[in-house]
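J.: This note's numbering numbers the first residue of the sequence shown as 6 and each following residue consecutively.
Note that the Cβ used here is the ideal one computed from N, Cα and C, for glycine as well.
Quick one: structure below, then a few questions.
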Amino acid sequence: MEKRRLYMDYSATTPVKKEVLDEMMPYLTDYFGNASSFHTFGREAKNALDKARGQVANLINAKPNEIYFTAGGTESDNWAIEGVAYANKAKGNHIITSKIEHHAVLHTCEYLEKYHGFEVTYLDVDSEGKVDLKQLEESIKDTTILITIMFANNEIGTIQPIKEIGEIAKAHKVLFHTDAVQAAGNINIDVKELNIDLMSMSSHKIYGPKGIGALYIKAGTKLHTFVHGGAQERRRRAGTENIPSIVGYGKACEIAKANMDNHIASLTKLRGKLIDGILKNIPYTTVNGSLENRLPGNVNFGFEFIEGEGILLMLDMLGIAASSGSACTSGSLDPSHVLMAIGLPHERAHGSLRLTVGDFTTEDDIDYIIENLPPVIERLRSMSPLYDQIKNKNK
Ligand code: PLP
6 MEKRRLYMDY SATTPVKKEV LDEMMPYLTD YFGNASSFHT FGREAKNALD
56 KARGQVANLI NAKPNEIYFT AGGTESDNWA IEGVAYANKA KGNHIITSKI
106 EHHAVLHTCE YLEKYHGFEV TYLDVDSEGK VDLKQLEESI KDTTILITIM
156 FANNEIGTIQ PIKEIGEIAK AHKVLFHTDA VQAAGNINID VKELNIDLMS
206 MSSHKIYGPK GIGALYIKAG TKLHTFVHGG AQERRRRAGT ENIPSIVGYG
256 KACEIAKANM DNHIASLTKL RGKLIDGILK NIPYTTVNGS LENRLPGNVN
306 FGFEFIEGEG ILLMLDMLGI AASSGSACTS GSLDPSHVLM AIGLPHERAH
356 GSLRLTVGDF TTEDDIDYII ENLPPVIERL RSMSPLYDQI KNKNK
């Protein structure tokens with residue numbers, strides 16, 4: 006029997022949808038022009054660029070001239086934060102962020118602190134991963150130039166009170182950037198209604214190609230150029246545009262916008278089934294993050310008496326691709342900074358498992374996990390002396 010391949014890691018990346026790929030292909034071959042060229046080939050590329058810009062803008066209720074294409078979410082985060090920091094140095098050197106941001110934001114803030122004399126406040130979050138609006142407001146001072154708080158968290162899926170944060174920023178005349186890499190295209194976003202000045206987005210989280218994304222910059226926002234060179238992107242982001250990927254990203258945004266209600270409803274349903282099935286069948290299990298304000302496709306389970314990496318290995322053997330909260334990519338086994346920030350003790354943070362569903366997930370996939378995960382957890386727990394003690398006590 007062929008081994009099952011079940012992808013449950015849509016927050017890490019998504020496959021490119023067929024309609025997206027079909028739209029991209031001609032721009033790799035027939036319409037390969039440079040969008041800056043004067044001739045017909047150039048104009049074809051430029052028209053495609055303009056169309057995609059409109060599609061991205063339409064997803065978030067921005068104007069097309071407020072969308073700047075970048076090489077993805079990481080570049081957008083770096084540009085927004087450094088760009089605002091350098092352009093507003095005369096006004097102040099204070100930035101406010103949260104402890105649960107993606108490293109694209111946290112490491113940029115740390116860099117500004119270490120090498121450029123900026124001061125950064127890292128806000129706490131509550132047990133669900135939400136920032137405290139009172140602490141945010143109290144942290145603002147005369148020198149504050151930027152608030153950068155993510156729209157939705159990539160590990161635990163918590164959606165922040167973005168509208169309220171936008172209002173606080175506006176009332177204090179501080180710029181507001183949000184990393185919406187996980188949110189833009191997965192939930193409804195209206196940048197105007199939410200008072201967002203800058204917003205990072207990425208294509209490969211919404212069924213577009215990798216290595217392409219955008220930064221929304223509200224008209225009139227002062228920030229430095231990040232990539233210097235030619236006059237592309239209205240002189241703000243140099244480099245020959247990656248037209249095939251931009252076309253793909255535009256199409257992915259168009260599809261996301263058109264299917265938003267369906268997408269949210271069907272992912273929420275699958276996620277609910279998964280949560281119910283696992284909590285019913287596996288004792289000593291919790292869901293990390295908020296149950297209400299959560300990305301539709303995200304589940305993050307906490308299993309007591311267990312190590313996340315063991316689960317991943319055993320699930321991979323069953324053909325299930327999942328993710329843990331531990332940042333073990335660097336060779337260290339430090340638990341996730343997000344799970345630590347929501348107050349989980351080390352051992353609980355190590356026993357976390359992120360399962361993220363997407364547009365190609367089926368009910369049958371969820372059934373397969375509900376059937377196969379409990380024995381995996383039981384086997385791993387059987388190696389834990391503590392679990393043994395608890396089980397014996399409850400006999
Ligand atoms: N921000 C968040 C919240 C993310 O989840 C990611 C990617 O996982 C990024 C930024 C980086 O985006 P990209 O992979 O497009 O560089």
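#1: If you reduce the DSSP assignment to three classes, tell me which class Gly253 lands in.
#2: Can you grab the Cα-Cα spacing for the pair Asp364 / Pro31, in whole Å?
#3: Would you check whether the ligand PLP has a heavy atom nearer than 7 angstroms to the C-beta of Val304?
#4: Can you find the residues in the same chain that come closer than 6 angstroms, C-beta to C-beta, to Ile164, ignoring five residues on each side of it along the sequence?
#5: Runs of 4 residues minimum, wholly inside the stretch 187-226: which ones carry the alpha helix (DSSP H) assignment?
#6: Are Leu199 and Ile150 close, meaning C-beta to C-beta below 8 angstroms?
#7: By a C-beta neighbour count over all protein chains shown, 10 Å radius and 16 as the cutoff for buried, is Leu385 buried or exposed?
#8: State buried or exposed for Gly255, treating a residue as buried only when at least 16 other CB atoms are found within 10 Å of its CB.
#9: Out of curiosity, what's the CA-to-CA distance linking Ile130 and Asn39?
#10: What is the rounded straight-line gap between the Cα of Gly227 and the Cα of Val186?
#11: Flag this pair as yes or no: are the beta carbons of Ser329 and Leu318 separated by less than 8 angstroms?
#12: Whole angstroms are fine: how far does the CA of Leu275 sit from the CA of Thr334?
#13: Using DSSP's beta-bridge definition, name the partner residues of His99.
#14: Where Asn397 and Glu383 are concerned, what is the direct C-alpha to C-alpha distance, given to the nearest angstrom?
#15: Between which two residues does the beta strand (DSSP E) holding Asp184 run?
#16: From Thr245 to Arg239, what does the alpha carbon distance come to, in whole angstroms?
#17: What does DSSP give as the partner residue(s) for Asp14 in the beta ladder?
#18: Could you check whether the Cβ of Gly162 sits closer than 7 angstroms to any heavy atom belonging to the ligand PLP?
#19: Can you grab the Cα-Cα spacing for the pair Ala62 / Ala327, in whole Å?
#20: At the level of alpha carbons, what is the spacing between Ile283 and Pro379?
#21: Go ahead and label Ser103 buried or exposed: buried means 16 or more other beta carbons lie within 10 angstroms of its beta carbon, across all protein chains shown.
#22: Please say whether Ile170 and Ile154 have beta carbons closer to each other than 8 angstroms?
#23: Shortest alpha-carbon distance to His177 belongs to which of Ala189, Arg242, Lys210, Leu141?
#24: Give the C-beta separation of Glu71 and Ala224 to the nearest angstrom, bearing in mind that I take them to be a contact with Cβ-Cβ under 8 angstroms.
#25: Should Gly59 and Pro69 be called a contact, given that it needs their Cβ atoms to be closer than 8 angstroms?
#26: Among the residues of its own chain, which have a CB less than 7 angstroms from the CB of Gly336, if the five just before and after it don't count?
#27: Within the present structure, is the beta-carbon of Thr79 separated from the nearest heavy atom of the ligand PLP by less than 7 angstroms?
#28: Taking Gly78 as part of the beta strand (DSSP E), name the residues at either end of that continuous run.
T.: According to the structure shown:
#1: helix
#2: 25 angstroms
#3: no
#4: Ala157, Asn298
#5: none
#6: no
#7: buried
#8: buried
#9: Per the sequence shown, the amino acid found at residue 130 is Val instead of Ile. Taking the straight line from one Cα to the other gives about 46 angstroms.
#10: In the sequence under discussion, the amino acid at residue 227 is Lys, which differs from the Gly named in the question. When rounded, the distance between both Cα atoms is 22 angstroms.
#11: no
#12: Because Thr334 carries a pLDDT of 48, less than 50, the predicted location of this residue cannot be relied on, and no value is offered for it.
#13: Glu124, Thr149
#14: 15 angstroms
#15: 180-184
#16: 12 angstroms
#17: Thr361
#18: no
#19: 32 angstroms
#20: 8 angstroms
#21: buried
#22: yes
#23: Leu141
#24: 6 angstroms
#25: yes
#26: In this prediction, Gly336 scores a pLDDT of 49, lower than 50, which makes its location untrustworthy; no coordinate-derived value is stated.
#27: yes
#28: It is not in any beta strand (DSSP E) - Gly78 instead sits in the alpha helix (DSSP H) that spans 78-92.
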